[in-house]
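>
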Amino acid sequence: MSVSDALIARTILAGTVAEATPARDLPSAWERDAPEPGEAERRLREVANATGKAVPLAPPLPPVEDGPLHALGIGALQAAYAAGATDPVAVVAALRGRIAGHPSGRDAVLALVPGAEAAAEESARRIGTRRARPLEGVPFGIKDIIDCAGAPVTCGSRLTGDRVAEADATVVARLRAAGAIPLAMLATTEFACGSAHNPRYGAVANPWNRARWTGGSSTGSGAALAARLMPLALGTDTGGSIRVPSAWCGVTGLKPTRGLVPRTGVAPLSWTLDHVGPMARSAADLARVMPWIAGPDGTDPHAAGRYDATRARGVSDLRVGVAEGWFTAMQDDAVLAAWQAMLTLLERQGARLVPVDLGPVATAHQDGYTIVMAELAALQEPDLDRAAALDPGTRARMDQGRLFSATDYLRALRRRPVVLAQVLDALADVDVLVTPGLGGEAASLDSLTVEVNGEAHPLQAVLPRNTMLFDYTGLPALMLPTGLGRTGLPVAAQVVGKPYDDALCLGVGAAFQRETEYHLRAPREKRPPTPGQS
245 MSVSDALIAR TILAGTVAEA TPARDLPSAW ERDAPEPGEA ERRLREVANA TGKAVPLAPP
305 LPPVEDGPLH ALGIGALQAA YAAGATDPVA VVAALRGRIA GHPSGRDAVL ALVPGAEAAA
365 EESARRIGTR RARPLEGVPF GIKDIIDCAG APVTCGSRLT GDRVAEADAT VVARLRAAGA
425 IPLAMLATTE FACGSAHNPR YGAVANPWNR ARWTGGSSTG SGAALAARLM PLALGTDTGG
485 SIRVPSAWCG VTGLKPTRGL VPRTGVAPLS WTLDHVGPMA RSAADLARVM PWIAGPDGTD
545 PHAAGRYDAT RARGVSDLRV GVAEGWFTAM QDDAVLAAWQ AMLTLLERQG ARLVPVDLGP
605 VATAHQDGYT IVMAELAALQ EPDLDRAAAL DPGTRARMDQ GRLFSATDYL RALRRRPVVL
665 AQVLDALADV DVLVTPGLGG EAASLDSLTV EVNGEAHPLQ AVLPRNTMLF DYTGLPALML
725 PTGLGRTGLP VAAQVVGKPY DDALCLGVGA AFQRETEYHL RAPREKRPPT PGQS
């Protein structure tokens, strides 16, 4: 598929760059209460310090399921292991076979991780001798900017050559220690910021419709989960790159509170806004994973807090914030209808819906991208002489980042604590916020547009509207499927919590998913021809 550099550059910058404006929404510099950029981190760390000791309460195991091994989620796998219905050796073999035979195995999966079979044998022995660790035998995929010892980690770029990671990122090491099995390295956009059309590996097609994109930079993670190539994948989120592919691929993804999961061993895009988190089939599956990847590692200076499963509670009497304006503009009617249906279901379960106003979002949205592009430009500056080899989307964002002045960048950082305070004040009288997910179904790969009520828009003008604010403020945000849109592709909604209320977000998602089956839907697969047919 041929897509011009000019189209890529135009669509990747749409809606993310504003003209410089005076910082009139900030106190004057001489006022005592004028915030400095570090004030946002201080407020988040105050909450982190109050999280106390983590309490890893795993959801109960579901009933043992029939059906193919590749269709089992994390909880279902654990139930099958506990019942002796299968073992990790059989599961890894089945998933490797599926990767080899599925179209998404050719574009979402970049490489198999060495040693998966040996790890599966060890897991089988532990299960057989009742020494199973919390995530024993659960295979997982790894976004190609997260180090996995002995595996190629290229950041989706031609500039990185054939680099092989020497050590695990903290998040991978923690999953291994909990018994999970690294299975495959998964595709990303270049340096987690390039276009849908990666110049080194090509585009990752959406398993629901291979003419559409999976969205966001955790593109291989979303596709691999939707295609049932593995039950768990790691992603990163700087403007929405866990939540966007989760929405467009019909899976469930959590962008944790900033700092909850360490970024050590993860290639940076924006040291201010990068988050690391898990993607799976359901909120309950994510709740099984989060206790084992969260908490400081002594290396990432921003890592803080604990995952406390006791923060989750029932939906009855839960105060659910409902924000309109920015969050409901540029949204297809089918997306809004599915969101409204979710709110109605939560209300039937006993939740109370409360209107909230988060304040001016457009400026914060653009400030987030000012930070991302300025920090990207600084990180990639040593490779300016090789910029011609970059993805045109990466290059467009890097070039834009170099155009921002120091004042532009610092203004965006300085507004961050102001916006965080406004958002926390708006959420003071609610427990969670529920917003529509993305404005439409998955973007077209040939035009790089998203249709909203029949009108095509550049994908970047639609894709991150409801996600960037929560990277900018660092709040936890869960994306989960809420149905199918006009053309039969997944649509989604987002559950946002206060700092370190990640477990509460997952609890709300799990309550919704217990009453619906949207998260169980998978893309249709072509049946092989019967004997005698061509």
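With my numbering applied, the sequence shown corresponds to residues 245 to 778, in that order.
For glycine and all other residues, C-beta sits at the position ideal for the given N, C-alpha and C.
From a predicted model like this one, the values you see are computed outputs, not experimental measurements.
(1) When we look at the beta-carbon of Pro604 and count the other beta-carbons within 10 Å, is it buried (16 or more) or exposed?
(2) From the DSSP output, which residues share a beta bridge with Asn453?
(3) Taking all protein chains shown into account, do 16 or more other C-beta atoms lie within 10 angstroms of the C-beta of Asp388, making it buried, or fewer, making it exposed?
(4) So, at 8 Å on beta carbons, what are the nonlocal neighbours of Gly319 in its own chain, with the 5 sequence-adjacent residues on each side left out?
(5) Which parts of the region 294 to 382 are runs of the alpha helix (DSSP H), unbroken and 4 residues or longer, counting only runs that do not cross its ends?
(6) Which same chain residues end up closer than 7 Å to Ala650 when comparing Cβ atoms and leaving out the 5 residues on each side of it in sequence?
(7) Output needed for Thr774: all residues of its chain with C-beta closer than 7 Å, excluding positions within five of it in sequence on either side, in chain order.
(8) Beta-carbon separation of Gly423 and Arg374 under 8 Å?
(9) Alpha carbon to alpha carbon, what distance is there between Asp576 and Val696?
(10) Are three or more beta carbon pairs between the region 676 to 687 and the region 306 to 316 nearer than 8 Å?
(11) Is DSSP giving Pro773 helix, strand or coil here?
(12) Is there contact here, the region 752 to 767 with the region 725 to 737, by at least three beta-carbon pairs under 8 Å?
(13) Can you tell me where the alpha helix (DSSP H) holding Arg487 begins and where it ends?
(14) How would you write the range of the alpha helix (DSSP H) that Pro725 sits in, first residue to last?
(15) Going by C-alpha distance, which of Ser461, Ala471, Ile486 and Val559 is nearest Gly345?
(16) Cα separation between Val505 and Gly459?
(17) Count the other C-beta atoms from every protein chain shown that fall within 10 angstroms of the C-beta of Asp391, then say buried if there are 16 or more, exposed otherwise.
(18) Just reading off the alpha helix (DSSP H) that Leu677 is part of, what are its end residues?
(19) Classify Gly282: buried if its beta carbon has 16 or more other beta carbons within 10 angstroms, exposed otherwise.
(20) Could you say if the region 561 to 569 and the region 639 to 658 meet the contact criterion of at least three C-beta pairs nearer than 8 Å?
(21) Tell me which same chain residues have a C-beta within less than 6 Å of the C-beta of Ile252, skipping the five on either side of it?
(22) Where DSSP assigns a beta bridge to Val696, which residues make up the other side?
(23) Of all the options Ala315, His609 and Asp249, which has the alpha carbon lying nearest to the alpha carbon of Gly484?
(24) In three-state DSSP terms, what is Asp652?
(25) Over the uninterrupted beta strand (DSSP E) stretch that includes Leu478, give me the two end residues.
(26) Where do the N-terminal and C-terminal ends of the beta strand (DSSP E) with Ala686 fall, by residue?
(27) For Gly405 and Ala665, I'd like the C-alpha separation in whole angstroms.
(28) In this structure, how does DSSP classify His546 when only helix, strand and coil are distinguished?
(29) Tell me where the beta strand (DSSP E) around Glu535 begins and ends.
(30) If you measure between the beta carbons of Val564 and Val667, is that distance less than 8 Å?
(31) So, Val616 versus Leu677, is the Cβ gap smaller than 8 Å?
(32) Could you pull out every residue in the same chain whose Cβ sits closer than 7 Å to the Cβ of Gln777, ignoring the five residues on either side in sequence?
(33) Smallest Cα separation from Ala431: which of Ala411, Ser461 and Trp452?
(34) Decide yes or no for the touch test of the region 356 to 365 against the region 437 to 451: beta carbon pairs closer than 8 Å, at least 3 of them.
(35) Checking the sheet assignment: what are the DSSP bridge partners for Leu498?
(36) Is Leu463 near Thr433, with beta carbons less than 8 Å apart?
With the structure as the only source:
(1) Exposed: under 16 other Cβ atoms inside 10 Å.
(2) Per DSSP, Asn450.
(3) With 16 or more other Cβ atoms within 10 Å, it is buried.
(4) Residues Pro303, Leu305, Pro306, Ser526, Ala528, Asp529 and Arg532 of the same chain have their beta carbon placed closer than 8 Å to that of Gly319, with the five preceding and five following residues left out of the count.
(5) The region 294 to 382 contains these whole alpha helix (DSSP H) runs: 318 to 327, 332 to 345, 347 to 351 and 360 to 372.
(6) Within the same chain, no residue comes within 7 Å of Ala650 by CB-CB distance, once the 5 residues on both sides are set aside.
(7) Per-residue confidence for Thr774 stands at a pLDDT of 47, beneath the threshold of 50, marking its modelled position as unreliable; no derived number is given.
(8) The Cβ atoms of Gly423 and Arg374 lie no closer than 8 Å to each other.
(9) Distance between the alpha carbons of Val696 and Asp576 is about 5 Å.
(10) Counting C-beta pairs with one atom in each stretch, the region 676 to 687 and the region 306 to 316 have fewer than three that are closer than 8 Å, which means they do not touch.
(11) Residue placement at Pro773 cannot be trusted, given a pLDDT of 48 that sits under 50; the coordinates are not used to answer.
(12) Judged by pairs of C-beta atoms under 8 Å, the region 752 to 767 touches the region 725 to 737, as three or more such pairs exist.
(13) That run of the alpha helix (DSSP H) goes Arg487 to Cys493.
(14) Per DSSP, Pro725 lies in no alpha helix (DSSP H) segment; the continuous beta strand (DSSP E) that holds it begins and ends at Ala721 to Leu728.
(15) Comparing Cα-Cα distances from Gly345 to each of Ser461, Ala471, Ile486 and Val559, the minimum goes to Ala471.
(16) Rounded to the nearest angstrom, the two C-alpha atoms are 22 Å apart.
(17) Flag for Asp391 reads buried.
(18) Segment Val676 to Pro680 is the beta strand (DSSP E) holding Leu677; no alpha helix (DSSP H) there.
(19) The Cβ neighbour count for Gly282, taken over all protein chains shown within 10 Å, is under 16; the residue is labelled exposed.
(20) Not touching, per the Cβ criterion.
(21) Ser439, Pro636 and Gly637, listed in sequence order.
(22) According to DSSP, which records beta bridges pairwise, Val696 is partnered with Glu699.
(23) Looking at the Cα atoms, His609 is the closest of the given residues.
(24) In the structure shown, Asp652 falls within a helical segment according to DSSP collapsed to helix, strand and coil.
(25) Leu478 -> beta strand (DSSP E) spans Leu476 to Asp481.
(26) From DSSP, Ala686 is part of no beta strand (DSSP E); its letter is neither H nor E.
(27) Near 43 Å, if we compare the C-alpha coordinates of Ala665 and Gly405.
(28) DSSP, reduced to helix, strand and coil, places His546 outside both helices and strands of the structure shown, so it counts as coil.
(29) The residue you asked about is not Glu; residue 535 is Pro in the sequence shown. Note, Pro535: premise wrong, no beta strand (DSSP E); alpha helix (DSSP H) at Ala527 to Ile537.
(30) Taking 8 Å as the Cβ cut-off, Val564 and Val667 do not qualify as a contacting pair.
(31) Result no, Cβ atoms of Val616 and Leu677 do not sit closer than 8 Å.
(32) Unreliable positioning characterises Gln777 in this predicted model, as indicated by a pLDDT of 44, which lies under 50. The coordinate reading is nonetheless provided below. Taking Gln777 as the centre and dropping the five residues before and after it, the same chain places no C-beta closer than 7 Å to its C-beta.
(33) Ala431 has its Cα closest to that of Ser461, out of Ala411, Ser461 and Trp452.
(34) Because the criterion of three Cβ pairs below 8 Å is not met, the region 356 to 365 and the region 437 to 451 do not touch.
(35) According to DSSP, Leu498 shares a beta bridge with Leu722.
(36) It is Thr, not Leu, that sits at residue 463 in the sequence shown. The Cβ-Cβ distance between Thr463 and Thr433 falls below 8 Å.
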